[in-house]
Each structure stands twice: as structure tokens, then as C-alpha cells.
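Comments concern the structure below.
In the UniProt record's numbering, the protein residues as written are 1 to 127.
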């Protein structure tokens, strides 16, 4: 994992509430270049946009990796995700997801379609 983290990330991540009861961790450069700009462009007079931003950002925090490349996640986020010991890490395209292993297993088991079926549908629409 260390080699895949861009050096310009400066060992700093933005951690925040994720979707499906997980925690998202973005390298700070990804957050600033993509998400911060997207969030700033949202119409803040729209109540749904305000609610989304508040919920997403209320527990966002910058976290710096320690000397052994470890990250300490804020207590509020750990409680949100139900993480109290073991954790499942999922490397996404531009961020890392932290899951309670039981929650992740339940999420996968509740997916209606197989991986192959999902891949076919997603790739058919997006290619």
C-alpha cells in the first residue's frame, strides 16, 4: 500500500463519513483537487446540498500518517462505522475504505447481483 500512495500526498489524508457505513480516507491532494472543488460548486441554497455537505463534512478530519505509515482514525468515525477492533480495508480508485468486517460481509451478502452481473451492467453503460 505504501508504494501506491502518491508522494505529493505528504502523508496526509482527509478521513470522513463514507457510504454504506464505512469510512473514506482520501490523500489530501485528491481531496483538494476533486472533491473540495466539487463541493464548493454545489448550490448551497439547495437544502439537500446543505444537508449532504453538513453530514459529509461534520466529522471530516485531516490525519497524518505516523513514522510507521499508520493512521489513527477519529473516535466519531469509528463509532459511525461500528469499528471496534478488526478492520477490513478496501482500496478504491482514489481512496481507501475502512469497514467493520461483519458490516462488509453483510453488505456483500446482500448484493442482489453477482460480481459478474454487476460488472457486465456497469461496463455496458459506461463504455
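Glycine is no exception: its CB is placed at the ideal position from the N, C-alpha and C atoms.
For a quick check, are the C-beta atoms of residue 13 and residue 26 less than 8 Å apart? yes
Any idea what DSSP makes of residue 87, helix, strand or coil? coil
Quick one: what's residue 80 bridged to in DSSP? BP columns for residue 80 are empty, so no partner.
Beta bridge counterpart(s) of residue 62 as assigned by DSSP: 14
Determine, for residue 95, whether the minimum Cβ-Cβ distance to residues of chain D falls below 8 Å. In summary, chain D is missing from the structure at hand, where a single protein chain is found.
Return the CA-CA distance between residue 124 and residue 112, expressed in angstroms with no decimal places. 18 Å
What three-state label does DSSP hand residue 116 in the structure shown? DSSP places residue 116 in helix when its eight states are reduced to three.
Among 66, 116, 80, the one whose alpha carbon lies nearest that of residue 59: 80
Mapping the DSSP letters down to three states, classify residue 74 as helix, strand or coil. The answer is coil: DSSP assigns residue 74 none of H, G, I, E or B.
Determine the direct distance from the alpha carbon of residue 22 to that of residue 119, and round the result to whole angstroms. 22 Å
Residue 107: first and last residue of the uninterrupted alpha helix (DSSP H) it sits in: Note, residue 107: alpha helix (DSSP H), 101-109.
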